[in-house]
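**Q**
Number of protein chains: 2
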Amino acid sequence: MPTPHYGLPRYRVIAEELRGRIRSRAIDQLMPTETVLMQEFSASRGTVRQALAVLREEGLIATAPGRGSYVREAHNESHVRKREDEVFAPSDLAELFGLPQGARLRVNETIVLRAGAAHTVTRVYRRLSDQGPC
Amino acid sequence: MPTPHYGLPRYRVIAEELRGRIRSRAIDQLMPTETVLMQEFSASRGTVRQALAVLREEGLIATAPGRGSYVREAHNESHVRKREDEVFAPSDLAELFGLPQGARLRVNETIVLRAGAAHTVTRVYRRLSDQGPC
DNA sequence: AGAAATTTGTCCGTATGTATC
DNA sequence: AGATACATACGGACAAATTTC
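These protein sequence lines are chains A and B, in that order. Count the first sequence with the numbering used here and you get residues 869 to 1002, in order. Count the second sequence with the numbering used here and you get residues 869 to 1002, in order.
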């Protein structure tokens, strides 16, 4: 099989599916083993592990060597969503950065969700020219 | 080659080495390409990418497809300005918090200044009912 | 306690897709 | 269009931690 990832990458699709199961609590505590997930999604181990890494980074699961991946109950109703975006700087921010009106800024947003609603929203603004890819 | 990882895993060793270079600024902006790192450390692409993923998660670098990995570190002396305020929630934030239009939010703002202009602006929004950090 | 089976962790090699220069 | 660089995906192999018998 080639490697067509036209839409979402396969590991993202798998992660999305597993995320839904976790939220609906179809999986109570212990997740299926990587081998089982490989068979279910007809994916390689690396791809499955990549999907699990996404959930791990979101704090939805925790993985222990030799045991498996567990749903983190404490974070079951509290997880984090991160995204990076470019926005047009509001006047106050433009002034702070010493940029002209209408300039664009890079913003990293972290949303901590609890029980469906935001608990904290953190936004970090930077210049496009500063560090990192832009 | 077998897979002897008696001490630290190889990708951890590579990450440690790169971290040191970043901190000593031997790498100013653009990191070596993955191919170069493969040759330098005689490691496979996957291992190199695993090392870079560590640094990326630490926020030390940022990677862009087709371009490369850039150093992303706020390393230097800089002024920090902090303030706390209450603001009327913009519609997008109100929705995230599950609050009605016109609701108020508490915002903690941290401005890192460099050479007079803002380097980063961090804004943390919370409900008024939430007390303290976290 | 010991051995075997299970499960995750690490590493390699290859191939192809996608983004950028 | 071509070259370069990162992203995704597969397969195989062995190591290390845990559980099971």
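C-beta: ideal position from N, C-alpha, C; glycine also.
Is the Cβ of arginine 991(A) closer than 8 Å to any Cβ of chain B?
**A** yes
**Q** Please state the DSSP three-state secondary structure of alanine 957(B).
**A** coil
**Q** At the level of alpha carbons, what is the spacing between leucine 973(B) and valine 904(A)?
**A** 46 Å
**Q** Skipping 5 residues on each side, what residues in its chain have a beta carbon closer than 6 Å to that of alanine 949(A)?
**A** Residue 949(A) is actually arginine in this sequence, not alanine. Counting only Cβ-Cβ distances below 6 Å, and skipping sequence neighbours, we find Ile979.
**Q** Would you call the CB atoms of valine 989(A) and leucine 961(B) closer than 8 Å?
**A** In this structure, leucine 961(B) lies closer than 8 Å to valine 989(A) by Cβ.
**Q** Which same chain residues, not among the five before or five after isoleucine 882(A), have their C-beta less than 6 Å away from its C-beta?
**A** Phe909, Ala919
**Q** Cutting at 8 Å between CB atoms, please list the residues of its own chain near threonine 931(A), excluding the five before and the five after it.
**A** Leu920, Arg924, Ser937, Tyr938
**Q** Using a Cβ cut-off of 8 Å (strictly closer), state whether phenylalanine 956(B) contacts chain A.
**A** Chain A contact via Cβ: absent.
**Q** Measure from the alpha carbon of asparagine 976(A) to the alpha carbon of each residue in Arg893(A), Arg951(A), Arg887(A), Gly927(A), then state which is nearest.
**A** Arg951(A)
**Q** What alpha helix (DSSP H) runs, 4 residues minimum, are completely inside the region 870-917 of chain B?
**A** 878-891, 902-909
**Q** Using Cβ-Cβ distances below 8 Å, what residues of the region 959-970 of chain A are close to chain B?
**A** Leu961, Leu964, Phe965, Gly966
**Q** Using the Cα positions of arginine 887(A) and alanine 971(A), report the straight-line distance between them to the nearest angstrom.
**A** 37 Å
**Q** Under a three-way DSSP split, which group does glutamate 925(B) fall into?
**A** helix
**Q** Taking C-alpha atoms, which residue in Ala986(A), Gln897(A), Arg994(A), Met906(A) lies nearest to arginine 940(A)?
**A** Gln897(A)
**Q** With DSSP run on the structure shown, which of helix, strand or coil describes leucine 964(B)?
**A** helix
**Q** Does the beta-carbon distance from arginine 995(A) to phenylalanine 965(A) come in below 8 Å?
**A** yes
**Q** Counting along the chain, where does the beta strand (DSSP E) carrying leucine 981(B) start and finish?
**A** 972-982
**Q** Would you decide whether leucine 876(B) is buried or exposed? Buried here means 16 or more other CB atoms lie within 10 Å of its CB.
**A** Leucine 876(B) should be labelled exposed.
**Q** Which residues, in order along the region 911-925 of chain A, keep a beta-carbon less than 7 Å from a beta-carbon of chain B?
**A** none
**Q** Using a Cβ-Cβ cut-off of 6 Å (strictly less than) and excluding sequence neighbours within five positions of histidine 987(A), which residues of its own chain qualify?
**A** Val980
**Q** Checking contacts by CB at 8 Å: is alanine 883(B) closer than that to chain A?
**A** Contact of alanine 883(B) with chain A is not assigned, every C-beta pair being separated by 8 Å or more.
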